[in-house]
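Quick note on numbering that gives the first Met the number 0: the sequence shown kicks off at 0 and runs consecutively.
No residue lacks a Cβ here, since even glycine has one placed at the ideal position from N, Cα and C.
Computed from a prediction, not measured in an experiment: that's the story for all the values here.
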Amino acid sequence: MSNINNHGVDMNNDVLFQELNCEKAATIQGGASAQVFTDANFSGLASTIFSDDIGLFDLNNFNDKISSIKVFSGQWTFWSDANYSGVGIILNPGDYATIPPEFNDVISSAKRNIK
Ligand SMILES: [Ca+2]
Ligand SMILES: [Ca+2]
């Protein structure tokens with residue numbers, strides 16, 4: 000009887016610990032998954048992505064203007080055309096002060112492949 004109870008307490012502690020870790024990670028990133036910039040070196044206008052996909056970067060006319068990218072979490076594909084079509088570049092978490100010339104000022108959509 001007491002063994003069963005102890006096991007239950009341990010499992011609850013594990014779950015609580017995991018939830019706290021997720022909360023902490025979300026606080027550090029502000030819940031954002033990526034950030035895009037109209038100029039190289041994270042300058043110009045910035046737009047923060049909080050969702051898992053952007054069918055078209057139409058907000059503030061980011062379409063065909065993105066020149067640098069920060070990926071905070073997951074693996075993303077940034078596409079040259081709207082709705083995840085055209086040519087794609089796969090980016091893992093990291094800071095990309097510049098992107099390959101063939102993707103500069105052409106990105107129109109993005110989707111997170113892996114969370
Ligand atoms: Ca640009
Ligand atoms: Ca485009």
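Contact between the stretch 45-58 and the stretch 89-99 is absent, with fewer than three C-beta pairs closer than 8 Å. Per DSSP, the beta-bridge partners of Y95 are I68.
DSSP, read as helix, strand or coil, puts F36 in strand. Shown here, L44 sits in a strand according to DSSP, grouped into three states. When the Cα atoms are used, R111 and A31 turn out to be separated by approximately 12 Å. Judged by beta-carbon spacing, I106 lies within the 8 Å limit of W78, meaning their Cβ atoms are closer than that value.
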